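Novice: Its first residue numbered 1, the sequence shown is counted upward by one per residue in the numbering used here. Ideal Cβ positions, reconstructed from N, Cα and C, are used throughout, including at glycine. In this text, all values refer to a predicted model and were calculated from it rather than measured experimentally.
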Amino acid sequence: MGDQMQLIVEKLNQEPFRRNYNLISFDSLESVQLLQLLSDVLGEIDPKHAVDIREELPEQTAKRMLSLLGILKYKPPGSVSDLSAFRQGLVTGSKAVIHPLLHWLLQRTNELKKRAYLARFLVKLEVPAEFLQDDTVADINTQYEELMEAFKNLHKEHEQLKTSGLSTAEIRRDISAMEEEKDQLVKRVERLKKRVETVQNHQRMLEIARQLRLEKEREESLAHQKQEQKSQLFHAEQRLQRAQLQLKEMQEAVADSKPESLMKKLEEEINFNSYLVTEKMPRELESKKASVYLLQKVVAEPAMTQSDLTALESEINGVNAQMNQLIEKRMMKYEPTDSKFSMYRQQASLLARKKEAKAEELQAAREELARLEKQAQHRSSQAHELEGSEALTEDEFKQYVNKLRSKNTLYKKKRLEIAEITAECGILQRTEELLKQRHEAIQQQLQSTEEKKGISGYSYTQEELERVSAVKSEMDEMKGQTLDNMSEMVKKLNAVVAEKKASLAPVIKELRQLRQKCQELTQECDEKKIQYDSCAAGLESNRSALEQEVKGLLEECAQEESNYHYMNCMRRILEVQLQRAKAEMKAYVCPEPQERRRAIREQYTRIILEQENLGKKLREKQKVVRESHGPNMKQMKMWQDFEQLMECKRECFQKQQNQAAIGQVIQEGGKDRLVL
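1) Does the Cβ-Cβ distance between S31 and G93 come in under 8 Å?
2) Can you have a look at A50 and say buried or exposed, based on whether 16 or more other CB atoms are within 10 angstroms of its CB?
3) My guess is that I8 and H155 are in contact by the Cβ rule of under 8 Å, so how many angstroms apart are they, rounded?
4) Distance check for A365 and L118, CA to CA, integer angstroms please.
5) State buried or exposed for F677, treating a residue as buried only when at least 16 other CB atoms are found within 10 Å of its CB.
6) Could you check whether A348 and L276 sit closer than 8 Å to each other, using their CB atoms as the reference points?
7) Starting from H155, trace the alpha helix (DSSP H) both ways and give me its first and last residue.
8) Comparing the CB of K75 with every heavy atom of the ligand FAD, is any distance shorter than 7 Å?
9) Just how far apart, CA to CA, sit E705 and R188?
10) E268 lies in the alpha helix (DSSP H); which residues open and close that run?
11) Are the beta-carbon atoms belonging to L90 and A62 less than 8 Å from one another?
12) Below 8 Å on the Cβ atoms is my contact criterion, and I expect L725 with D46 to pass it. Report the Cβ-Cβ distance as a whole number of Å.
13) When the distance is taken between beta carbons, is Q6 closer than 8 Å to L23?
14) Going by DSSP, what residue range makes up the alpha helix (DSSP H) through K124?
15) Let's test the definition: count the other Cβ atoms within 10 Å of the Cβ of M65 and tell me whether it reaches 16, buried, or not, exposed.
16) Which whole-angstrom value is the C-beta distance of V123 and I71, which I expect to be below 8 Å?
17) Would you tell me roughly how many angstroms separate the C-alpha atoms of R371 and E126, rounded to the nearest one?
18) Can R572 and Y588 be called in contact, C-beta distance under 8 Å?
19) Does the beta-carbon of A503 have 16 or more other beta-carbons within 10 angstroms, so that it is buried, or is it exposed?
20) Write down the C-beta distance between V41 and L106 rounded to the nearest angstrom, noting that I regard them as a contact closer than 8 Å.
21) Do A599 and E610 count as a contact pair if the criterion is CB distance below 8 Å?
22) In chain order, what residues of the same chain lie with their CB nearer than 6 Å to the CB of I418, ignoring the 5 residues before and after it?
23) Here's the rule I'm using: 16 or more other beta-carbon atoms within 10 Å means buried, otherwise exposed. How should V97 be labelled?
24) In three-state DSSP terms, what is V51?
25) So H103 packs on Q4, CB below 8 Å; how close in whole Å?
26) Relative to the C-alpha of A357, which candidate in V298, F272, K297 and E440 has its C-alpha closest?
27) With a 10 Å radius around its C-beta and 16 neighbouring C-beta atoms as the bar for buried, classify I175 as buried or exposed.
28) Mapping the DSSP letters down to three states, classify R467 as helix, strand or coil.
29) Just to confirm before moving on: does the CB-CB distance between F131 and F151 stay below 8 Å?
30) As a quick exercise: from T605, Q664, Q241 and S84, pick the residue whose alpha carbon is nearest that of V685.
31) Please list the terminal residues of the continuous alpha helix (DSSP H) segment that includes V41.
32) Compare the beta carbon distance of P16 and E44 with 8 Å and say whether it is the shorter of the two.
33) Can you give the Cα-Cα distance for S448 and E420, rounded to whole angstroms?
34) Kindly indicate which three-state DSSP category Y21 falls into: helix, strand or coil?
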């Protein structure tokens with residue numbers, strides 16, 4: 001603890017804090033001063049936390065500090081591992097909590113500054129899954145994740161550049177070297193200019209060469225553009241093929257489907273969506289609101305100790321016991337055991353639970369399907385970007401596997417050859433080592449012999465002289481060859497220049513004609529391009545207007561068709577209901593009792609009478625049970641007392657029999673002794 005406080009005081013006395021503390025003054029700080037000091041240290045790490053704690057509530061201060069410590073990934077030591085105790089100590093400004101925290105923060109301030117800076121951009125905002133079903137929200141979330149990844153890459157590049165080790169001296173040396181190269185190039189260009197000035201029409205030839213270079217560059221750019229357009233055309237054809245395939249699949253699906261199946265699917269989807277909107281989502285929303293309200297209420301309350309938690313738990317257990325007793329009393333009072341409605345209620349509750357479970361499974365399956373489709377689309381787009389082609393077909397994959405097999409066999413052969421060469425290389429290295437050792441031994445023997453004869457160093461001097469003479473002869477040969485090469489090169493250059501002059505004369509004439517023709521074609525191309533752009537713009541505007549009109553008409557047609565089907569269904573339903581009403585009226589007005597009994601009204605009247613009679617019988621039975629309850633309980637208690645009394649008598653009788661048997665055994669033993 002002393003070393004810890006010493007380190008804290010040293011760090012606080014340095015920049016940027018400048019507190020001028022010693023161990024005694026730091027240890028005598030009060031809890032409010034310790035909290036303010038902790039807030040200042042956190043403010044140095046993250047400027048948003050540089051606040052005065054007197055201007056905010058203790059709960060707000062604790063919440064703000066805990067949020068930043070969570071981002072900085074601080075773990076409390078073993079003495080305050082309990083989070084509630086740590087939070088309580090942070091609110092009250094306990095030294096056992098503040099001192100280890102300050103020690104941890106001041107040890108790694110630079111690292112924590114970097115982490116707090118990155119947390120502002122890399123702490124991901126969690127979006128609920130039901131909101132991600134909206135296309136706009138999903139697109140924005142995707143853009144948000146892409147920007148986060150881009151920030152990560154840029155930050156990594158920035159760190160790599162910082163740690164790359166490029167110093168100012170190295171940059172200056174590079175600049176000076178580049179300037180020297182520039183001076184050399186300038187001098188070389190000047191020498192070439194002086195040599196070219198002696199040639200006739202050198203300016204014209206230079207201009208022609210410059211234009212030729214520009215034309216070559218333009219040709220390269222045009223070839224590059226042509227290649228790009230070919231690749232774009234290839235991608236466009238692939239997209240067209242995919243779109244045609246999707247269109248064909250959709251047409252086949254529409255051709256195979258029938259109106260009845262489509263209506264059935266639409267009805268199922270409408271029923272499911274209406275169930276989600278009217279029952280499931282409102283219930284989930286109410287539960288979420290209730291949980292949020294409870295969490296807000298918990299957050300607003302002050303910090304609770306362990307004793308408060310135990311008291312609340314005991315109170316909750318008592319309330320639960322009271323609730324169970326009240327439920328049992330209500331069931332005994334209002335719901336007879338043999339009621340038929342309990343069975344129906346249980347079945348209804350089971351069906352409701354099954355319905356909710358199936359709805360949740362269907363919703364999860366739809367979300368999983370959407371996620372997998374999105375993932376497949378993303379993977380296919382990545383594959384197109386990387387490879388620029390579609391996925392391999394079965395035949396292409398077989399060809400690819402065959403190529404891999406052939407390459408694998410070739411690789412195995414090459415690996416065997418490399419192994420043989422490696423073994424041979426090892427043998428040669430060993431031979432070289434042996435020869436070097438033998439050479440060293442011979443050299444030592446030669447030196448010892450020279451020392452004995454009094455001419456030490458003779459062999460070394462002889463070798464040096466031979467080596468110097470060999471180098472001198474090589475240099476002389478190289479000089480002679482260089483002079484010969486230079487003279488031959490000058491002759492060749494003069495001949496090449498003359499040939500180029502002769503060959504460039506007709507080319508220059510053709511180039512002039514081609515340049516004039518190129519200008520005419522360029523002008524004509526610009527005019528045609530302007531006409532094409534204007535015509536394309538007009539056609540595009542007309543096409544967009546026609547597409548909007550067709551889209552509106554299709555939507556109107558679909559709406560009218562749905563209205564027609566809806567009205568037709570409603571008409572059929574009303575006809576069926578009207579037929580049932582007519583049949584009911586006919587049966588009710590009919591004088592024959594047999595027909596009248598079939599009427600729904602008569603059936604319900606008969607069921608109501610039966611239920612009323614059953615209710616009367618059950619009430620009478622309940623009355624009889626209540627009247628006989630007291631005497632029956634009294635009689636039952638008397639029988640229990642009688643049973644206990646008989647049990648006591650049985651035990652006393654058994655004890656008496658056991659004692660009599662023991663006395664008889666003792667008497668028989670005394671008689672035997674007397675006989676002996």
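Specialist: Considering the structure as presented:
1) yes
2) exposed
3) Not really, about 31 Å apart at Cβ, beyond 8 Å.
4) Near 36 Å, if we compare the C-alpha coordinates of A365 and L118.
5) Examination of residue 677 is not possible in this model, given that the chain is present from 1 through 676 alone.
6) no
7) First-last of the alpha helix (DSSP H) with H155: D135 to K162.
8) The ligand content of the structure shown is nil, which means the ligand FAD is not present either.
9) In the structure as shown, the chain begins at 1 and stops at 676. Residue 705 is therefore absent and cannot be evaluated.
10) According to the DSSP assignment, E268 belongs to the alpha helix (DSSP H) that extends over P259 to Y275.
11) yes
12) Not covered by the structure: residue 725. The range shown for the chain is 1 to 676.
13) The answer is yes: Cβ separation under 8 Å.
14) It is not in any alpha helix (DSSP H) - K124 carries neither H nor E in the DSSP assignment.
15) Counting Cβ neighbours within 10 Å, M65 comes out buried, since at least 16 surround it.
16) 7 Å
17) R371 and E126 have their C-alpha atoms spaced approximately 16 Å apart.
18) no
19) According to the sequence provided, residue 503 is Ser. The question's Ala does not apply to it. With fewer than 16 other Cβ atoms within 10 Å, it is exposed.
20) At roughly 7 Å, the Cβ-Cβ gap stays under 8 Å, so V41 and L106 are in contact.
21) Their beta carbons are not under 8 Å apart, which means E610 does not touch A599 by this criterion.
22) none
23) buried
24) coil
25) By a beta-carbon distance limit of 8 Å, H103 contacts Q4. Their separation comes to about 5 Å.
26) F272
27) Classification of I175: exposed, given that the 10 Å Cβ count is below 16.
28) helix
29) no
30) Because the chain in this structure spans residues 1 to 676, residue 685 falls outside the shown range and cannot be described.
31) S31 to I45
32) yes
33) 42 Å
34) coil
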